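Take a look at the structure set out below.
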Amino acid sequence: MPELPEVETTCAGIAPHITGQLLRKVEVRDGRLRWPIPEDLNEIVAGQTLVKVTRRGKYVLMHFQTGGLIGHLGMTGSMRIVTADEPPAYHDHFDLCFDDCLVRYRDPRRFGSLLWQDYPLEEHALLADLGPEPLTDDFNVDVLHTACKGKKQPIKTLIMDSKKVVGVGNIYANEALFMAGINPNRQAGRVSRKRLAVLVEAIKQVLADAIKQGGTTLRNFVDSEGNPGYFKQQLQVYGRTGKPCRHCGEALIEVRLGQRSTVYCRHCQR
DNA sequence: AAATTCTCCTGAAGGC
DNA sequence: TGCCTTCAGGAGAATT
63 MPELPEVETT CAGIAPHITG QLLRKVEVRD GRLRWPIPED LNEIVAGQTL VKVTRRGKYV
123 LMHFQTGGLI GHLGMTGSMR IVTADEPPAY HDHFDLCFDD CLVRYRDPRR FGSLLWQDYP
183 LEEHALLADL GPEPLTDDFN VDVLHTACKG KKQPIKTLIM DSKKVVGVGN IYANEALFMA
243 GINPNRQAGR VSRKRLAVLV EAIKQVLADA IKQGGTTLRN FVDSEGNPGY FKQQLQVYGR
303 TGKPCRHCGE ALIEVRLGQR STVYCRHCQR
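Start counting at 1 in the first sequence, then tack on 62, and there's your number in the numbering used here.
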């Protein structure tokens, strides 16, 4: 499942191949994604030149002349560069056909999306209310402290709320909370400012480390097979229910928070 | 207003 | 071996 680091890796992987190129056509084989791919998308964007590729949260933004494509990889989406003679496989739902190559989108569970927005892109409903980027200075202890003030919701669900901060998925939320020594169940408003500062740094570090990992698996990513980057990194808690905490040895426990599996150490995380 | 639950989907994994 | 059920989860929508 693509998390922010995988999206970052995807953007970095496709950008050099398509930046400055003319988009000839959007070839949609199955437009039934999270939201249907707009019927008139090809009419709008075909013939426009790609100016740049950026990322906002987990959204891939392809900036053209009059607006941009807003892509999301959902749970199982991937974008890779292929040549025009490569036949599409099952679940390859659309191609962005540029002059020299195609961006081929594959997504078995179809939780992803492809939408269009005229400039300015941030006016799109999906982008308008997003919180700060976690790896910039816009995400800091002041912002998080304000967001947590008076909140009774668990700290874990708060940091996974894209209106508070973008790009913190379930895996990295688990890992960051372990790194910060904070119990995922703890009410957000009852985490001290000092500990929130530690959490901010943990989130930044976990994501930055994963981007480094993602960078190392870029080739796999483009090749097709290969595990996503986070499988290669040393996960401390996610997927380790019942196994010994790497700090104290106590068995890690799992609970459900907001329908998401939450793993933590009762001893190390308060 | 805030917090929780539901929803989309398919492939993998587990049970018998 | 095969069929069934359960689970995973991003994140907006719906509900409490």
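Glycine included, C-beta positions come from ideal geometry on N, C-alpha and C.
All figures in this text were calculated on a predicted structure; none of them were measured in a lab.
- In the same chain as V228, and ignoring 5 residues on each side of it, the C-beta atoms closer than 8 Å to its own belong to L66, R118, G119, K120, L192, G193, P194, E195 and P196, in chain order.
- A check of alpha carbon separations from E316 across M137, I233 and T71 identifies I233 as the nearest.
- In terms of CA proximity to D154, L95 leads the group L95, E185, D161 and C210.
- For P78, the three-state secondary structure derived from DSSP is helix.
- In this structure T138 does not touch R166 by the C-beta definition: roughly 14 Å separates them, more than the 8 Å allowed.
- Unbroken alpha helix (DSSP H) runs of no fewer than 4 residues, entirely contained in the region 231-268, are found at 232-242, following chain order.
- For H207, the uninterrupted alpha helix (DSSP H) segment begins and ends at V203 to C210.
- Distance check between Q215 and each of I106, N245 and P306 places N245 closest, using alpha-carbon atoms only.
- Here T219 is buried. Its C-beta has 16 or more other C-beta atoms within 10 Å.
- Burial state of A250 is buried, judged by a 10 Å Cβ sphere holding 16 or more other Cβ atoms.
- When the beta-carbon positions are compared, A242 and I221 stay at least 7 Å from each other.
- In the structure shown, the three-state DSSP call for D162 is coil.
- DSSP places A108 outside both helix and strand once states are collapsed to three, so it counts as coil.
- In summary, G130 is buried, with 16 or more beta-carbon neighbours lying within 10 Å of its beta-carbon over all protein chains present.
- The three-state secondary structure of V227, taken from DSSP, is coil.
- For Q298, the closest of Y326, V115 and F156 by C-alpha to C-alpha distance is Y326.
- 7 Å or more divides the Cβ of I76 from the Cβ of I132.
- Spatial neighbours of E89 in its own chain (CB-CB distance under 7 Å, excluding positions within 5 residues in sequence) are listed in chain order as F156, D157 and C159.
- Contact annotation: the region 204-214 touches the region 258-265, with at least three C-beta pairs closer than 8 Å.
- With contacts defined by Cβ atoms closer than 7 Å, D180 and L84 do not form a contacting pair.
- Around the beta-carbon of C307, 16 or more other beta-carbon atoms lie within 10 Å, marking it buried.
- Counting C-beta atoms within 10 angstroms of its own C-beta, R318 has fewer than 16 neighbours from the protein chains shown and is therefore classed as exposed.
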